[in-house]
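When you read off a place in the sequence shown, starting at 1, and then add 47, the result is the number in the working numbering. What follows is a single structure, written as structure tokens, with notes after it.
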Amino acid sequence: MIASAEWKQGMLFDGKSESGHVVHFDATPEHAKGLSPMEAVLTALCGCTSVDVVSILEKKREALSGLTVTAKAEQAAEPPRVFTHIHLTYRIRGKVSQKAAEDAVALSKNKYCSVSRMLEKSAKIEYSIEYES
48 MIASAEWKQG MLFDGKSESG HVVHFDATPE HAKGLSPMEA VLTALCGCTS
98 VDVVSILEKK REALSGLTVT AKAEQAAEPP RVFTHIHLTY RIRGKVSQKA
148 AEDAVALSKN KYCSVSRMLE KSAKIEYSIE YES
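As structure tokens, this is what we get:
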């Protein structure tokens, strides 16, 4: 895997992936023109675990109709401002059994989500699951 970041001006950068996708980073306090790099990491965590949970629930033939994963993180007060605590909220929609949802989230956290496994080296990651019919 290859990625790059190119400085555009001020504290604005364009990140580019090997597959050709571009993300705009804005390291100003306002983050008006893009994600901060740490926001991108937190968003990647949500995306990574979402992929796992959807895949697992589909394989279990659960009637999933929607999933939203939200992350709330705390950072260290001093540089490097690593994440120290992350709480993920999984909002599951559809007729999904509670056991299947709990198993899918646990498998993502403990086995499949690479982003989660990396972040666990500095942050305690906890989660809750909410169900919507």
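The beta-carbon is built from N, C-alpha and C at its ideal position, and this holds for glycine as well. Please read these numbers as outputs of a predicted model, since none were measured by experiment.
Open item on the list: Quick check: L184 and V101, are their CB atoms within less than 7 Å of each other?
Closed with: Any answer about residue 184 is impossible in this case: the structure gives the chain only from 48 up to 180.
Open item on the list: Please return the same chain residues whose Cβ sits closer than 6 Å to the Cβ of E125, not counting the five positions on each side in sequence.
Closed with: none
TODO: On the DSSP bridge assignment, give the partners of D61 in chain order.
DONE: E53 and H71
TODO: Would you kindly report the start and end of the unbroken alpha helix (DSSP H) that includes K146?
DONE: Q145 to L154
Task: Beta-carbon proximity check, F60 vs A52, cutoff 7 Å - done: yes
Task: Sequence-distant residues of the same chain with beta carbon closer than 8 Å to M58, five excluded per side - done: Result list for M58: D73, A74 and T75, in chain order.
Open item on the list: Would K156 and S163 qualify as a contact pair, given that the criterion is a beta-carbon distance under 7 Å?
Closed with: yes
- [ ] Have a look at T131 and L154 and give me their C-alpha separation to the nearest angstrom.
- [x] 22 Å
Task: CA-to-CA distance, Q56 to S97, given in whole angstroms - done: 33 Å
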